[in-house]
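Residue numbers (our numbering): 19 to 876.
If you want it as structure tokens, here you go:
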């Protein structure tokens, strides 16, 4: 005979619902905590998923259906390579490509990507021109023959009220070129609409003229048959000149995707910390609702209600609360996600890759994920108090003393579990891996382990402060610490939630402060020029566009200039993928760098570079696993692959991908590239840099519109970019603290309302309203103090993990810890103020109630 399914009476559902409705503020605060925790997770997930999709769309918009690409770094490929490839008879589709980032006043000065193509080779790769486009012969003729002709999407044209034949100005590298709209494209699918919304299509010859790359190509796209891929790659490599390589498209885009993934994973981990704080809140409130109704549950058990029915009643309440909270969290998360997307996209543009695709819809998976996390977290945290409600015998449930004695017994076990979890977390962090999921698992274990110590810490601190408060406030001063200890089963979870939130704030603040201090020290060491000049570029981390020879000539003849140091930044190919090379002719460069490791004393570094050695940045060395000493790095040069000895590894905070420094003469010898992308001007000490920079910018405008910044202005701009990168981190910190504040408010209000009978008795035996205010304020203030004081060592430990483990494994940077007092003081102040505010309403309510009613309250 099959087992009977446990019956859950509808009466109990009504009882649970009535409890939630009658305790409106308690339910409201619990829903708010869940909603905010879910909203933070969804907001960051939407931003990350949208940014990831924007990255994919931005790259696919350019690569199309290409499987492989032929390139030679940022130097370009001579057109003859494409001609030789077509004449070789290799059976594969190929197309030449020129790309550049431009802007136009007529197009809102938005950052747009120019895609220079050969329309006759395009059909297999990108369907922007060929797929159901109704372009007239005159439009195609103009596109192919008239310089500066562009094709743009219908959406882009409508947004700026442009028509065929309208002229536009195209700004590239500080130069303005006249253009004309030769045709308007009608996107045939959603992908094409998004891609074309940020693209200008040009004929390959017009794109070469715009970028000054006559006779050169940025790359050649290929579509290789999967079953003959290896054979075709060998055939193509056989006809490629030295310094030109063929690589899969996925491999080239995968390197940048890896870097952005680390950045996004850091944000996800920080948002999950906010959810952890919300979990404390949910658990605390559900536990309190069970504790508050223990006598009621005991009565129900006496009346015949089974343990299973009590358990289901509590869990069903959590389902209701979790569903409502998750739904509100989704709505708030969508709003947060749109704002967070702007910050995440800006940071990715600053540090990694230009995301030209901006119109990205909200991923459904983010909403489903957030709703599931919110509901699952609520139900999971409710299981433990539900089991407590169901498992306790009826007689014990009717006695409050049984609860507190049980809580006192559990505290020590929870403390032991905390020490074990901390040890496990440190063990995970000690694993030598670059896997950030493992690192964050260890970090979460340490934080949760410390949170589990909160009940023990609360009891210890109350014993330490009891004597002092007794001397200062007499009887009330002795009562308050005892009340905190007696109620530890109900208050320690809220204190732990607030402690974790404030610890996250301290840890992240110390990390950001240390990062900023390290960057400032680094800039003081390397920036010795008076004025820095570069062409406007799509990214801010490295200058990449060339300065015109006329501009350099004007600078060299400028009165008061003692020396001009030239810099050429180029992307070169290597067996490890594209690598950024910064070549300069600064004879003091060896002395101006900060070194993580070096095979030479600083004064011998530049002679070594002049003889063919290189310097490798710390992020690149960590990414490639290069040795600290006697290392080598192979790069593809114009004359073939060459292995360069590494003279040292230098600290660098301008590029997460990493870079190489070499002497300019050595670079030109191997790559035959005479371009210059930036210049550092050293002035005579008697010349004012600020006024000279303004005059230079004005004089250069007629030749090339350049970024001309004094040393001070460049430092200010760099730090502004740094601060902008961490804006979203600060926002997450505030959200986490807000969630914790809601938790403390909920716990304090619930606790004080539960103690109304006790406080009513105190009022009846003579305590004045002022003394009641003082007792509650002292009690809540002590709890806030525990959270604030315990958050200090916890935050410091978290800062050490973030600085020396997470940042190094994420980005390869070594940071110097900068201890600032402000985060600790602010955390303590926030903890005490939040706790004091939480006690205001329940105390006011008790004072307003009739004493007899308060005594009868139970």
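From the three backbone atoms N, C-alpha and C, an ideal C-beta is built for every residue, glycine too. The structure presented is a predicted model; accordingly, all values stated were derived computationally and were not measured.
Proximity test, residue i beta-carbon vs the ligand PLP heavy atom, cut-off 8 Å
i, result
"residue 678", "As far as ligands go, the structure on display features none, and thus does not contain the ligand PLP."
Residue i vs residue j beta-carbon contact at 9 Å
i, j, result
"residue 137", "residue 221", "yes"
"residue 474", "residue 814", "no"
"residue 166", "residue 128", "no"
"residue 488", "residue 57", "no"
"residue 588", "residue 232", "no"
"residue 90", "residue 261", "yes"
"residue 699", "residue 547", "yes"
"residue 97", "residue 235", "yes"
"residue 545", "residue 732", "yes"
"residue 119", "residue 217", "no"
"residue 793", "residue 490", "no"
"residue 171", "residue 215", "yes"
"residue 585", "residue 543", "no"
"residue 694", "residue 633", "no"
"residue 460", "residue 819", "yes"
"residue 1", "residue 355", "Missing from the structure shown is residue 1; the chain here goes from 19 to 876 and no further."
"residue 192", "residue 722", "yes"
"residue 241", "residue 111", "yes"
"residue 676", "residue 615", "no"
"residue 624", "residue 609", "yes"
Residues of its chain near residue i, where Cβ-Cβ distance is below 6 Å and the 5 sequence neighbours each way are ignored
i, result
"residue 266", "86"
"residue 551", "697, 724 and 726"
"residue 184", "199"
"residue 381", "67"
"residue 139", "113"
"residue 21", "Confidence at residue 21 is low in this model, with a pLDDT of 46, below 50, so the placement of that residue should be treated as unreliable; the coordinate-derived value is given next. Counting only Cβ-Cβ distances below 6 Å, and skipping sequence neighbours, we find nothing."
"residue 596", "589"
Neighbourhood of residue i by C-beta distance below 8 Å, restricted to the same chain and skipping five residues each side
i, result
"residue 740", "533, 534 and 537"
"residue 178", "124, 125 and 126"
"residue 38", "45, 335, 338 and 339"
"residue 500", "480 and 484"
Environment of residue i [buried if 16+ CB atoms lie within 10 Å]
i, result
"residue 847", "exposed"
"residue 109", "exposed"
"residue 523", "buried"
"residue 399", "buried"
"residue 710", "buried"
"residue 583", "buried"
"residue 244", "exposed"
"residue 436", "buried"
"residue 248", "exposed"
"residue 431", "exposed"
"residue 453", "exposed"
"residue 133", "buried"
"residue 481", "exposed"
"residue 526", "buried"
"residue 730", "exposed"
"residue 713", "exposed"
"residue 703", "exposed"
"residue 403", "buried"
"residue 781", "buried"
Rounded distance between the beta-carbons of residue j and residue i, thought under 8 Å
i, j, result
"residue 654", "residue 599", "With 8 Å as the limit, residue 654 and residue 599 do not qualify as a contact, their Cβ atoms being about 11 Å apart."
"residue 830", "residue 636", "6 Å"
"residue 497", "residue 804", "Residue 497 to residue 804, Cβ: 17 Å. No contact."
"residue 668", "residue 630", "That belief does not hold up - the Cβ atoms of residue 668 and residue 630 are roughly 17 Å apart, past 8 Å."
"residue 49", "residue 443", "Contact flag wrong, Cβ pair sits at about 31 Å."
"residue 161", "residue 201", "6 Å"
"residue 738", "residue 681", "The pair is not a contact, with the Cβ atoms about 32 Å apart (cut-off 8 Å)."
7 Å Cβ shell around residue i - same chain, five flanking residues per side excluded
i, result
"residue 227", "165"
"residue 439", "463, 466, 467 and 470"
"residue 901", "Here the chain has residues from 19 to 876 only, and residue 901 is not among them."
"residue 801", "502, 509, 513 and 853"
"residue 540", "612, 669 and 671"
"residue 833", "532, 533, 536, 821 and 825"
Fill in: Whole runs of the alpha helix (DSSP H) within the stretch 168–209, excluding any shorter than 4 residues
You should have 172–177.
Worksheet item: Which ranges would you report for the alpha helix (DSSP H) in the stretch 460–516 if only whole runs of at least 4 residues count?
Response: 472–504, all fully within the stretch 460–516.
Worksheet item: What are the uninterrupted segments assigned as beta strand (DSSP E) that are 3 or more residues long and contained completely in the stretch 617–650, given in chain order?
Response: If we require 3 residues or more, the beta strand (DSSP E) runs fully inside the stretch 617–650 come out as 632–635.
Worksheet item: Can you list the alpha helix (DSSP H) stretches of 4 or more residues lying completely in the stretch 664–733, in chain order?
Response: Whole alpha helix (DSSP H) segments, 4+ residues: 682–689 and 707–718.
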